[in-house]
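Q:
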Amino acid sequence: MSDRTDRLLALHVVVLALLTISQTTTVPRNQLLGTIGLLVGTLAAVSAVVELIRAS
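According to this note's numbering, the sequence shown is numbered sequentially starting from 417.
(1) With DSSP run on the structure shown, which of helix, strand or coil describes SER472?
(2) Can you round the beta-carbon distance between ALA433 and ALA464 to whole angstroms, since I take them to be within the 8 Å contact cut?
(3) Just tell me which of GLU467, ARG423, LEU448, VAL456 has its CA closest to the CA of THR436.
(4) If I measure Cβ to Cβ from THR441 and keep anything under 8 Å in the same chain, skipping five residues before and after, which residues do I get?
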């Protein structure tokens, strides 16, 4: 893929991760699922930011 595609994909992952984090912190139906959502969302956001930095 091109650098532009990689950056757009990483940005898309960041946005989805932030939506996941905000959803699990706003509506905590189950504490375990909320914790899993927070961890997965944070991990996805961090890895996507690293990809954005690496692509630059």
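Quick reminder that beta carbons are idealized off the backbone N, C-alpha and C, glycines included. In this text the structure is predicted, and so the values were computed from the model without any measurement.
A: Reading off the structure:
(1) Taking the first residue of the sequence shown as 1, we reach residue 472 at position 56. Note: SER472 maps to coil in three-state DSSP.
(2) As a working note, residue 433 is residue 17 in the sequence shown. As a working note, residue 464 is residue 48 in the sequence shown. The pair is a contact, with the Cβ atoms about 7 Å apart (cut-off 8 Å).
(3) If you number the sequence shown from 1, residue 436 lands on position 20. Nearest of GLU467, ARG423, LEU448, VAL456 to THR436, Cα basis: VAL456.
(4) Taking the sequence shown and counting its residues from 1, the one referred to as residue 441 is at position 25. So the list reads GLY450, LEU454, once near-sequence residues are dropped.
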